[in-house]
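**Q** Quick note: the sequence shown uses our numbering, first residue 137, plus one each step. Submitted below is the structure of interest, expressed as structure tokens.
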Amino acid sequence: MPTPQHADRFAPFPFPTPAFVYQEDRLLESLRRLEPLRANPKCRVLYSIKSCSLPDVLEFLSTRVDGFSASSLFEARLAREILDRNGAGKRGVHLTCPAFPEREAAELGRYVDHINFNSLEQWLRDRARKHERPIRCGLRVNPKLSFVKDERYNPCRRYSKLGIPIEQLVDAIETRPDTLDGISGIHVHTNCE
Numbered sequence: 137m138p139t140p141q142h143a144d145r146f147a148p149f150p151f152p153t154p155a156f157v158y159q160e161d162r163l164l165e166s167l168r169r170l171e172p173l174r175a176n177p178k179c180r181v182l183y184s185i186k187s188c189s190l191p192d193v194l195e196f197l198s199t200r201v202d203g204f205s206a207s208s209l210f211e212a213r214l215a216r217e218i219l220d221r222n223g224a225g226k227r228g229v230h231l232t233c234p235a236f237p238e239r240e241a242a243e244l245g246r247y248v249d250h251i252n253f254n255s256l257e258q259w260l261r262d263r264a265r266k267h268e269r270p271i272r273c274g275l276r277v278n279p280k281l282s283f284v285k286d287e288r289y290n291p292c293r294r295y296s297k298l299g300i301p302i303e304q305l306v307d308a309i310e311t312r313p314d315t316l317d318g319i320s321g322i323h324v325h326t327n328c329e
């Protein structure tokens, strides 16, 4: 039985269930909290499709965020279709995933504006590729520093495959600085709760 303070969340639905219901007012409230970040010209607010990929939600958000963060070809394609359909095509699609099959690389190049590579090998393999659209490239770095209490959700835990270990990146900078030619940024993922 829901507690009184949460009774509105469990009110009877006026339509058949099961159904996925999202509340625009709650989405708007979350977006309002991000407005100070969006006001800074150096910040971009991206919605991570991984959390909810319902097209109606993405349509609603498409003109209210600076773009979408995708973690697969499917998500990148969906994001680009929605942004283009809503006249928000100049907003970005950023891809960050541990790996993607070589056969998907060319198609990804049609949808994304930014790719964060998970390893130096992945970056070096893709660096010479010609994509259909200009793509900015970054590296996902594992700083081996996290404050997540539950190790299951710690992207920096021991033996993590999420990002280039910080010491490997430092070694590349010191011994082969040209390895990073073409890299325009880094992605640091330290929290996933």
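Built from N, CA and C at the ideal position, the CB exists for glycine as well.
#1: What are the boundary residues of the alpha helix (DSSP H) that Val229 is part of?
#2: Any idea if Asp307 is buried or exposed, counting beta-carbon neighbours within 10 angstroms, 16 or more meaning buried?
#3: Tell me which residues share the same chain as Asp230 and place their Cβ nearer than 8 Å to its Cβ, disregarding the 5 neighbours each side in the sequence.
#4: Alpha carbon to alpha carbon, how far is Ile319 from Ala155? Give it in angstroms, no decimals.
#5: Quick one: measure Cβ to Cβ for Thr315 and Arg276, integer angstroms, because I've assumed they're closer than 8 Å.
#6: Can you give me the Cβ contacts of Ile271 inside the same chain, cut-off strictly under 8 Å, excluding the 5 residues immediately before and after it?
#7: Start and end of the beta strand (DSSP E) containing Phe204?
#8: If I follow the unbroken alpha helix (DSSP H) through Arg276, where does it start and stop?
#9: Report yes if the C-beta distance between Thr326 and Ser255 is below 8 Å; otherwise report no.
#10: Just to confirm the assignment, what range does the alpha helix (DSSP H) spanning Gly245 have?
#11: Which residues bound the beta strand (DSSP E) around Ser320?
#12: What are the boundary residues of the beta strand (DSSP E) that includes Phe253?
#13: Counting only the same chain and skipping the five closest in sequence on each side, list residues whose C-beta sits under 8 Å from that of Asn222.
#14: Quick check on the burial criterion: 16 or more other C-beta atoms within 10 angstroms. Buried or exposed for Glu303?
**A** In this structure, then:
#1: Where Val229 is concerned, there is no enclosing alpha helix (DSSP H), although the beta strand (DSSP E) it sits in stretches over 228–232.
#2: Around the beta carbon of Asp307, fewer than 16 other beta carbons sit within 10 angstroms, so the residue counts as exposed.
#3: Per the sequence shown, the amino acid found at residue 230 is His instead of Asp. By the criterion of a C-beta distance shorter than 8 Å, His230 is surrounded in its chain by Leu182, Gly203, Phe204, Ser205, Ala206, Val248, Asp249, His250, Ile251, Asn252, once the five residues flanking it on both sides are discounted.
#4: C-alpha separation (whole angstroms): 43 Å.
#5: At roughly 15 Å, the Cβ-Cβ gap does not stay under 8 Å, so Thr315 and Arg276 are not in contact.
#6: Correct list, in chain order: Gly245, Val248, Asp249, His250, Ile251.
#7: Its beta strand (DSSP E) spans residues 203–206.
#8: Counting along the chain, Arg276 falls outside any alpha helix (DSSP H), though it belongs to the beta strand (DSSP E) covering 272–278.
#9: Not closer than 8 Å, so no.
#10: Segment 241–247, the alpha helix (DSSP H) holding Gly245.
#11: From DSSP, the beta strand (DSSP E) with Ser320 extends over 319–324.
#12: Per DSSP, the unbroken beta strand (DSSP E) holding Phe253 starts and ends at 250–253.
#13: These residues qualify, in order along the chain: Glu195, Ser198, Thr199.
#14: So Glu303 ends up on the exposed side.
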